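Participant: Residue numbers (the working numbering): 312 to 461.
Beta carbons are placed, not taken as given, at the ideal position from N, Cα and C, and that holds for glycine.
In this text, all values refer to a predicted model and were calculated from it rather than measured experimentally.
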Amino acid sequence: MTLTSTSGADQCNNLALRKAARYLGATYDRALAPVGLRGTQFSILQRLSAHGEMTITTLADTIAMDRTTMASNLKPLAREGLVTVEPSATDRRARVAAITPDGLSRLQAALPLWKAVQARFEESFGTDEAARLRTTLKAVLDSGFQPWAE
312 MTLTSTSGAD QCNNLALRKA ARYLGATYDR ALAPVGLRGT QFSILQRLSA HGEMTITTLA
372 DTIAMDRTTM ASNLKPLARE GLVTVEPSAT DRRARVAAIT PDGLSRLQAA LPLWKAVQAR
432 FEESFGTDEA ARLRTTLKAV LDSGFQPWAE
């Protein structure tokens, strides 16, 4: 059996969301490329800058990512000296990530690029529509699913 538009393939929430995420993600990745960051890396640095050191689990939760994927995303940032990942002083089983001075510098260099692509998107899509989109996507995160529950 093949899915056709009459069988709901064009109504798939997952496909629609992933297509838009790939499209917008590639747009942000391209904008941030001159400073050597991808969108996810920028988000990680931004979170660590705003919240200070965080366990990998907490950082993953703030970005809606599973812990293993977060650990994988931190590795290149750590290799470049943009973050540190160390065992927690209070719980040796937990690992804590923190932004370094080089990470802060890279984030500062990336901010104007991020602001420019953010403004271009909002100009094209509409400022009010973009705000509604963020609100709607946050509501998706509050829909009750637990994709990374152990």
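1. In chain order, what residues of the same chain lie with their CB nearer than 6 Å to the CB of R329, ignoring the 5 residues before and after it?
2. If contacts are defined as beta-carbon pairs under 8 Å, then L385 and I367 qualify, I think. What distance do you get, rounded to the angstrom?
3. Does DSSP put T369 in a helix, a strand or coil?
4. Less than 8 Å between the C-beta atoms of L356 and R417, yes or no?
5. Okay, do the region 393-413 and the region 427-443 touch, 3+ Cβ pairs below 8 Å being the bar?
6. Taking A421 as the reference, which of R431, V346, L448, A320 has the closest Cα?
7. Look up R403 in the DSSP assignment and say whether it is helix, strand or coil.
8. I'd like to know whether the C-beta atoms of A361 and A427 end up nearer to each other than 8 Å.
9. Contact check, G350 vs G363 under 8 Å by CB: the rounded distance?
10. Would DSSP call E391 helix, strand or coil?
11. Check whether the Cβ atoms of L393 and G414 sit closer than 8 Å, and answer yes or no.
12. For A460 and D377, I'd like the C-alpha separation in whole angstroms.
Facilitator: Reading off the structure:
1. Contacts found: none.
2. In this structure, L385 and I367 form a Cβ contact; the two beta carbons are roughly 7 Å apart against a cut-off of 8 Å.
3. Three-state result, T369: helix.
4. Yes, these two residues count as a Cβ contact at 8 Å.
5. The region 393-413 vs the region 427-443: no contact.
6. Of the listed residues, the one whose Cα sits closest to A421 is V346.
7. If DSSP states are grouped into helix, strand and coil, R403 belongs with coil.
8. No, the Cβ-Cβ distance between A361 and A427 is not below 8 Å.
9. Approximately 22 Å separates the beta-carbon atoms of G350 and G363; this is outside 8 Å, ruling out the contact.
10. The answer is coil: DSSP assigns E391 none of H, G, I, E or B.
11. In this structure, G414 lies closer than 8 Å to L393 by Cβ.
12. Going from the Cα of A460 to the Cα of D377 covers about 9 Å.
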